[in-house]
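J.:
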Amino acid sequence: PDLVFAMCMCARYQAKPTEKHLHAVKRIFRYLRGTIDKSLWYSKDSSNTLTTYADADHAGCQDTRQSTSGSAQFLGDKLVSWSSKKQ
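Numbering (my numbering), first residue to last: 18 to 104.
1) Locate the beta strand (DSSP E) running through residue 89, then write down its first and last residues.
2) Among all the DSSP beta bridges, which residues are the ones paired with residue 102?
3) Work out the CA separation of residue 35 and residue 62 for me, nearest whole Å.
4) Check residue 70 in the structure and name its three-state DSSP category.
5) Can you find at least 3 beta carbon pairs, one from the stretch 86-102 and one from the stretch 57-77, that sit closer than 8 angstroms?
6) If you reduce the DSSP assignment to three classes, tell me which class residue 57 lands in.
7) Which stretch, first to last residue, makes up the alpha helix (DSSP H) that contains residue 51?
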């Protein structure tokens with residue numbers, strides 16, 4: 018979940034990337050290499066309360082002026098699902 022924003026920003030420019038986009042992708046890979054021993058743990062004793070959060074911006078993409086909406090679903094305090102989409 019912590020890489021979603023960075024990956025989405027890089028994906029916007031995959032058709033015509035520049036040197037700064039390549040630098041950003043390399044930074045993501047360095048982050049992944051440095052966190053290879055990290056993981057998410059979902060205990061069966063966790064709360065079973067389902068909570069959803071949603072948000073959107075207005076014309077947040079500087080290039081296309083498209084808006085982005087997103088949501089996250091938690092079971093107790095554990096993230097179980099998320100989504101993000103340009104409109």
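Glycine is no exception: its CB is placed at the ideal position from the N, C-alpha and C atoms.
Since we're looking at a predicted model, the values are computed, not measured.
T.: Taking the coordinates as given:
1) Start and end: 85-92.
2) BP columns for residue 102 point to 86.
3) Their backbone Cα atoms lie some 47 angstroms apart in a straight line.
4) In this structure, residue 70 counts as strand in the three-state DSSP scheme.
5) Taking 8 angstroms as the limit for Cβ pairs, the verdict is that the stretch 57-77 does touch the stretch 86-102.
6) In the structure shown, residue 57 sits in coil (DSSP, three-state: anything other than H, G, I, E or B).
7) Its alpha helix (DSSP H) spans residues 36-51.
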